[in-house]
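**Student:** With numbering that gives the first Met the number 0, letter number 61 in the sequence shown gets 60, and the count goes up by one each step, no holes.
Cβ atoms here follow ideal geometry from the backbone N, Cα and C, with glycine treated the same way.
Model, not experiment: these values are computed from the prediction.
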Amino acid sequence: MNIGETSRASGVSVKMIRYYESIRLIKSPLRTESGYRVYSDNDVHTLRFISQARDLGFSVEQMEDLLALWRDRSRASGDVKAIALQHIDALQEKARALQAMSDTLQHLADHCQGDDRPECPIIEGFASAVAPEAKKRQPRFGVTGIDPRAHSH
0 MNIGETSRAS GVSVKMIRYY ESIRLIKSPL RTESGYRVYS DNDVHTLRFI SQARDLGFSV
60 EQMEDLLALW RDRSRASGDV KAIALQHIDA LQEKARALQA MSDTLQHLAD HCQGDDRPEC
120 PIIEGFASAV APEAKKRQPR FGVTGIDPRA HSH
């Protein structure tokens, strides 16, 4: 099947199929005499595998590892699980970071009157942001260094 048919069958855009080919995540397909790519059902299956891994947020490097394990019939499931658990840890860390950003913005929004006055804690908060090098020296939990979760009852 050609690249358009492969795209429709796999749910992966033509652009992404070409990209995956260029980074060698998928093997280069056979070509017709006129140079058109010809994909197999196995290629479609591989693209679906990649799409699912990508939808779950795996990096290209992780997808390479997962593809190698998928193709290796003598693989140990523990190797696959280790990659998944490592990825879960990274996703949970990102979720914590996003929650912290949301909490900060919510705090600022809660203190903004949202009326016709020019004073706005949101803008003031952004304007008084600390330089990146100074952030590294600040305690992890704001100015006080106190983890608010440790003091909640």
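Note down the Cα distance separating L31 from R70, rounded to an integer number of angstroms.
**Tutor:** The count along the sequence shown starts at 1 and reaches residue 31 at position 32. The count along the sequence shown starts at 1 and reaches residue 70 at position 71. Sequence inspection shows Thr at residue 31; the Leu mentioned does not correspond to that position. If I take the Cα positions, the gap works out to 26 Å.
**Student:** Kindly confirm or deny that the stretch 41-48 and the stretch 19-29 touch, where touching means at least three C-beta pairs closer than 8 Å.
**Tutor:** Counting Cβ pairs under 8 Å, three or more are found: they touch.
**Student:** State the beta-bridge partners of R36 as determined by DSSP.
**Tutor:** Counted from its first residue, the sequence shown places residue 36 at position 37. DSSP lists R30 as partners of R36.
**Student:** Just the Cα atoms here: how many angstroms apart are S58 and T103?
**Tutor:** As a position in the sequence shown, residue 58 is number 59, starting the count at 1. As a position in the sequence shown, residue 103 is number 104, starting the count at 1. Distance between the alpha carbons of S58 and T103 is about 28 Å.
**Student:** Can you have a look at S9 and say buried or exposed, based on whether 16 or more other CB atoms are within 10 angstroms of its CB?
**Tutor:** The sequence position of residue 9 within the sequence shown is 10, counting from 1. Label assigned to S9: buried.
**Student:** Pick helix, strand or coil for E118, following the three-state DSSP scheme.
**Tutor:** To locate residue 118, count along the sequence shown from 1; it is residue 119. Coil.
**Student:** For Q105 and V129, I'd like the C-alpha separation in whole angstroms.
**Tutor:** Here residue 105 is taken as the residue at index 106 of the sequence shown, counted from 1. Here residue 129 is taken as the residue at index 130 of the sequence shown, counted from 1. Q105 and V129: Cα-Cα distance of roughly 19 Å.
**Student:** Whose C-beta lies closer than 6 Å to the C-beta of M0 among residues of the same chain, with five residues either side of it excluded?
**Tutor:** Walking along the sequence shown from the start, residue 0 turns up at place 1. For M0, where only same-chain residues beyond five positions count, the Cβ hits under 6 Å are Y38.
**Student:** Quick one: using the 10 Å Cβ neighbour count with 16 as the cut-off for buried, is M100 buried or exposed?
**Tutor:** Translated into the one-based positions of the sequence shown, residue 100 becomes position 101. Under this definition M100 is an exposed residue.
**Student:** Any idea what DSSP makes of L24, helix, strand or coil?
**Tutor:** As a working note, residue 24 is residue 25 in the sequence shown. Three-state DSSP puts L24 in coil, outside helix and strand.
**Student:** The alpha helix (DSSP H) with L107 in it runs from where to where?
**Tutor:** Position 108 of the sequence shown, counted from the first residue, corresponds to residue 107. Start and end: S76 to D109.
**Student:** Does A128 come out as helix, strand or coil in the three-state DSSP assignment?
**Tutor:** The residue you call residue 128 lines up with position 129 of the sequence shown. The answer is coil: DSSP assigns A128 none of H, G, I, E or B.
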